[in-house]
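**Q** Whatever position you read off the sequence shown (first residue = 1), add 28 for my numbering.
Each residue gets a CB set at the ideal place from its N, CA and C atoms; glycine is no exception.
Here it is, the structure in full.
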Amino acid sequence: MKTISTLAIAGGLWLSLAVAAATPVRYDGHTIVRTHLSTAEQVETMRHISPDVWSESVGLGVVDFRIPPAAWDTLVLSGIPFEILIDDVQPRIDAEQTRLAAGGAAGGAADGGDWYADFKDRDAIITRFATIAATYPELVEITTLGESIEGRPILGYRISAAPAGSPGVLFNSCQHAREWVSPMVTTFIAEELTSGYGDDPAITTLMDTVEFYIIPIVNPDGYEFSWTDDRLWRKNRRPNGDGTVGVDTNRNWDFGWGGGGSSGDTSDPTYRGTAPFSEPETRAMRDFYQSHPDIVASIDFHSYSQLVLFPWAFQEGGPGDDGQHDAIGGSMSSDIAAVHGMSYVAGPVFETLYQASGGSIDWTWGDQGVISYTIELRDTGAFGFLLPPEQIRPTAEENFPAILTLAGAVAQGAVFSFPAGLPTLVEAGVASSVSVDVQAITSGPLDPASARMFVSVDGDAFIETEMVRAGGSSFTGTLPALDCGQRVEFYFQIDSLKGVTYANPTDAPTTVYAADAVEFTLVYDDDFELDLGWAVENVDLSDGAWEIGVPAGDGDRGDPVADFDGSGACALTGNQAGNSDVDGGPTRLVSAAIDVSGLPDPQLGYARWFTNDDQDEDRLTVELSDDDGASWTEVESVGGGTGWTQVTFAVADFVTPTSTVRVRFSATDNPNNSVTEAAIDAVRFFAAECDEVPGDVDGDGDADFSDLLILISSWGKCPPDVACPADLNGDGTVDFIDLLEVLSSWTG
């Protein structure tokens with residue numbers, strides 16, 4: 029293990045370079061607003077009105093700005109739509125500083141316990157990592173990537189039990205100084221990986237196969253300055269020679285450098301520097317990547333907005349990778365939501381936010397081929413960079429499963445995803461198709477001809493079946509037609525061109541997928557080719573009401589470009605190209621009355637699509653009524669997600685199955701401050717069961733020789749207090765009456 033002593037450097041030498049301002053910068057009366065920019069002229073107007081963008085970049089759409097008191101009247105007179113997020117920034121800064129002065133910043137915790145109870149300064153973070161390294165010396169290696177403008181070391185940590193040269197994942201934070209929650213998250217990741225090794229099987233497996241690299245403070249000068257002089261400082265501390273200070277390090281990377289979403293104005297918060305990699309901080313990161321070709325995936329943590337972003341940022345469009353960024357990003361978004369219910373929208377930077385040239389993830393992907401993400405942490409604007417301390421730990425907790433997913437993809441080598449989900453029930457007597465998408469991560473190119481599925485029916489040996497390529501990285505497999513009551517188990521494999529086999533589940537056939545064959549009794553099946561009596565109710569809605577039709581949008585605002593079930597049509601909000609999303613609301617889509625009273629255990633199934641860019645504020649809510657719409661019971665309420673999702677619920681879990689059941693789908697963008705799109709398809713009410721065969725002794729759905737053998741071997745009086753399945757008429761004796769029952773029900 030290589031350990032470089034950095035505490036003396038961090039705690040002593042650089043202090044001579046950090047001279048705190050006599051009076052820290054104050055922002056009395058400064059207001060944070062959320063604007064809605066629809067023209068390039070409005071964008072330029074806001075650049076002149078505000079000295080500081082709080083969003084990641086400036087472009088058309090929703091952008092947050094800090095407005096000084098002297099600029100307030102100019103903003104109002106501009107006519108640009110806006111709403112106030114924070115009325116006055118300074119009281120929040122004052123409250124934070126008072127709280128930190130009481131004991132949280134220097135390494136302890138204000139409550140005497142949890143280190144994550146409040147934000148920590150640079151010394152405290154370095155000390156925490158040193159403690160982790162001392163506690164787990166066999167797992168942690170400390171290194172120095174380089175030095176900042178003011179001579180502070182940029183520290184990195186290798187955390188792994190894997191051999192050198194194993195596939196690597198890099199997590200960095202604090203490119204932007206004021207984003208204090210980001211190094212708290214990367215510190216938490218380091219602690220969870222080390223403390224979980226040997227105790228948590230999933231973490232142990234990943235630590236044995238993947239090298240984790242963590243750079244918690246990329247911009248040490250700026251971070252220090254944000255603690256001593258200016259809480260809202262963003263850039264590094266480069267003297268620009270004209271009285272201004274600072275380069276935005278996340279506009280200084282050499283891929284798309286100099287383009288839109290960055291500035292050549294030295295006073296601008298997105299000033300890109302004099303040249304690509306002009307800054308020692310970005311050069312240190314560049315050199316580290318280039319000297320570690322084993323790094324195959326990365327996350328650059330920022331705040332705020334709750335987003336999972338991937339290339340491209342400098343230009344429109346996705347990364348051209350055949351879908352692996354999208355697939356893993358969607359999985360990470362789902363992982364985050366599963367912890368505390370917070371929604372992080374996934375998508376390319378340019379399309380999800382705005383153009384931002386010269387960013388880190390465009391270079392790491394475009395130049396190094398590293399699968400790259402930016403995660404924008406909490407919140408969505410109510411607090412911005414001044415996040416309440418009670419949200420630190422939850423923010424870290426919800427992101428930890430996401431980093432495990434990314435590391436798992438690296439360890440697995442190839443990622444399997446299932447666009448339409450995996451069946452748990454299949455219709456008896458009908459072959460069923462399964463759609464699979466397979467993305468190469470560390471495997472190298474995959475051999476599409478090798479894609480295959482293994483199938484076992486009722487515990488028989490697995491049989492290999494070829495999968496059909498459906499284009500690109502997509503394949504279709506077929507499950508055989510089954511008798512009602514039979515179970516099929518299945519798993520997938522594909523080979524790389526190097527001859528390495530990848531499976532899903534990864535430990536198959538120890539772990540497999542399974543589906544049961546049932547007979548569906550449908551009382552309602554709507555693919556939206558026809559209008560089956562849906563009603564639309566709009567409450568305080570200005571745009572984006574529910575419509576039924578073929579999707580007309582191109583997906584650039586989060587709307588679906590195709591329906592779910594292949595009929596062509598679905599129900600959508602504001603089904604027009606361009607700016608047609610939900611504004612205000614809710615808009616409600618209400619079914620006609622449906623009779624489910626005669627179904628045993630009726631089920632409601634549907635496919636939903638819901639995207640928005642302010643995450644948890646706006647919801648798609650699904651409700652059921654058993655009294656013809658007089659009252660409603662919530663089934664689920666979801667925030668923004670990615671793609672179509674198919675779900676099924678038991679009606680009786682929510683309402684009484686009556687003859688007047690209705691379902692209602694409500695989408696809202698209230699307050700009207702985000703792009704919100706919803707769609708519904710494949711709505712069904714059904715029962716799933718198998719009709720009982722009277723002579724089926726063993727319960728496999730047939731009356732055949734196996735039942736006859738059980739009956740003969742059980743002939744005579746049933747033993748007391750012991751199950752006697754061959755006693756079909758329940759008289760306590762297995763005899764000719766039971767034999768006749770089997771023979772009369774014979775299915776062979």
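Could you give the C-beta distance for Pro-308 and Ile-177, rounded to a whole number, given that I count them as a contact under 8 Å?
**A** Rounded, the Cβ-Cβ distance is 6 Å, consistent with contact.
**Q** Assuming Ala-599 and Ala-437 make a contact with CB atoms under 8 Å, what is their CB distance in whole Å?
**A** Contact flag wrong, Cβ pair sits at about 34 Å.
**Q** Spell out the partners DSSP gives Ser-694 in its beta bridges.
**A** Note: Ser-694 sits in a beta bridge opposite Arg-616 and Thr-649.
**Q** Could you check whether the segment 615-633 touches the segment 565-575, counting it as contact only if at least three pairs of C-beta atoms, one from each stretch, sit closer than 8 Å?
**A** Counting Cβ pairs under 8 Å, three or more are found: they touch.
**Q** Met-29 by DSSP, collapsed to three states: which one?
**A** Below a pLDDT of 50, predicted positions are generally treated as unreliable, and Met-29, at 34, falls in that range; the measurement from the model is reported next regardless. Correct three-state label for Met-29: coil.
**Q** Across the segment 210-217 and the segment 146-156, are there enough close Cβ pairs to call them in contact, namely three or more that are closer than 8 Å?
**A** Yes, they touch.
**Q** Could you work out which residue in Ala-573, Glu-207, Ala-597 and Gly-184 is closest to Phe-1 when comparing CA atoms only?
**A** Absent from the model: residue 1. The displayed extent of the chain is 29 to 776, so no value can be given.
**Q** Quick one, are the C-beta atoms of Gly-449 and Gln-125 less than 7 Å apart?
**A** It is not a contact, given that the beta carbons lie outside the stated cut-off.
**Q** Please name the residue in Gly-387, Ile-217, Glu-207 and Arg-262 whose C-alpha comes closest to that of Gly-289.
**A** Checked all of Gly-387, Ile-217, Glu-207 and Arg-262; the closest Cα to Gly-289 is Gly-387.
**Q** Report yes if the C-beta distance between Gln-467 and Gly-357 is below 7 Å; otherwise report no.
**A** No, the Cβ-Cβ distance between Gln-467 and Gly-357 is not below 7 Å.
**Q** Please classify Arg-497: does DSSP put it in a helix, a strand, or coil?
**A** DSSP places Arg-497 in strand when its eight states are reduced to three.
**Q** Kindly list the residues whose CB is nearer than 6 Å to the CB of Ile-522, restricted to its own chain and excluding five residues on each side of it in sequence; keep chain order.
**A** Once the five neighbours on either side are set aside, the close Cβ partners of Ile-522 are Val-466, Leu-474, Ser-478, Ala-479 and Tyr-530.
**Q** Hey, would you say Tyr-401 sits closer than 7 Å to Phe-338, going by beta carbons?
**A** Against a cut-off of 7 Å, the Cβ pair of Phe-338 and Tyr-401 comes out as a contact.
**Q** Nearest CA to the CA of Ser-445: which residue from Pro-630, Ala-355, Ala-130 and Ile-160?
**A** Taking only the C-alpha atoms, the option nearest Ser-445 is Ala-355.
**Q** To which residues of the same chain is Thr-684 closer than 8 Å at the C-beta, ignoring the five residues directly before and after it?
**A** Excluding positions up to five away in sequence, the list reads Asp-654.
**Q** So which of Tyr-519, Ser-461, Glu-455 and Val-336 has the shortest CA-CA distance to Phe-510?
**A** Residue identity differs from the one stated: residue 510 is Leu in this sequence, not Phe. It is Glu-455.
**Q** Quick check: the Cα distance between Val-458 and Thr-163, rounded to an integer number of angstroms?
**A** Computed Cα separation, rounded: 58 Å.
**Q** Going by other Cβ atoms of all chains shown within 10 Å of its Cβ, with 16 needed for buried, is Gln-334 buried or exposed?
**A** With 16 or more Cβ atoms within 10 Å of its Cβ, Gln-334 is classed as buried.
**Q** Does DSSP classify Phe-240 as helix, strand or coil?
**A** Phe-240: strand per DSSP, three-state reduction.
**Q** Buried or exposed for Asp-139, please, with buried defined as at least 16 other CB atoms from any protein chain shown within 10 angstroms of its CB.
**A** The predicted model places Asp-139 with a pLDDT of 47, which falls under 50 and marks its position as unreliable; any figure quoted below should be read in that light. Result: exposed.
**Q** Touch check for the segment 232-247 and the segment 186-193: three-plus C-beta pairs under 8 Å?
**A** With the cut-off at 8 Å, the segment 232-247 and the segment 186-193 touch.
**Q** Could you have a look at Val-81 and say whether DSSP puts it in helix, strand or coil?
**A** Strand at Val-81.
**Q** Nearest-angstrom Cα distance between Asp-115 and Ser-659?
**A** So the alpha carbons of these two residues sit roughly 39 Å apart.
**Q** Could you tell me which residues DSSP puts in a beta bridge with Ala-374?
**A** DSSP output for Ala-374 lists Val-336 as bridge partner(s).
**Q** Is Ala-312 closer than 7 Å to Asp-182 when the C-beta atoms are compared?
**A** Note on residue identity: the sequence assigns Ile, not Asp, to residue 182. Contact flag set, yes.
**Q** Return helix, strand or coil for Ile-356, following the three-state DSSP convention.
**A** Reduced to three states, the DSSP call for Ile-356 is helix.
**Q** Is it true that the CB of Val-578 sits closer than 7 Å to the CB of Ala-597?
**A** For Ala-597 and Val-578, yes; Cβs fall inside 7 Å.
**Q** Please report the distance separating the alpha-carbon of Tyr-541 from that of Pro-447.
**A** If you take the alpha carbons of Tyr-541 and Pro-447, they lie about 16 Å apart.
**Q** Could you tell me whether the segment 104-114 touches the segment 53-70, where touching means 3 or more Cβ pairs closer than 8 Å?
**A** Segments in contact, yes.
**Q** In the DSSP assignment, find the beta strand (DSSP E) that holds Glu-565 and state where it starts and stops.
**A** Start and end: 563-566.
**Q** Who pairs with Tyr-401 in a beta bridge, going by DSSP?
**A** Paired residues: Ile-327.
**Q** Which one of Ser-625, Ala-536, Asp-571 and Ile-327 has the shortest CA to CA distance from Asp-697?
**A** When only C-alpha atoms are compared, the closest one is Asp-571.
**Q** Per DSSP, what are the beta-bridge partners of Tyr-185 in this structure?
**A** Partner(s): Ile-170 and Ile-242.
**Q** Using C-beta distances below 6 Å, list every residue in its chain close to Asp-80, excluding the 5 sequence neighbours before and after it, in chain order.
**A** Excluding positions up to five away in sequence, the list reads Arg-94 and Pro-297.
**Q** With Asn-427 as the anchor, note down where its alpha helix (DSSP H) starts and where it stops.
**A** Taken as a continuous stretch (DSSP letters only), the alpha helix (DSSP H) holding Asn-427 covers 420-440.
**Q** Apart from the five residues just before and just after Gly-301, which ones in its own chain have a Cβ nearer than 7 Å to its Cβ?
**A** Correct list, in chain order: Val-275, Asn-280 and Glu-307.
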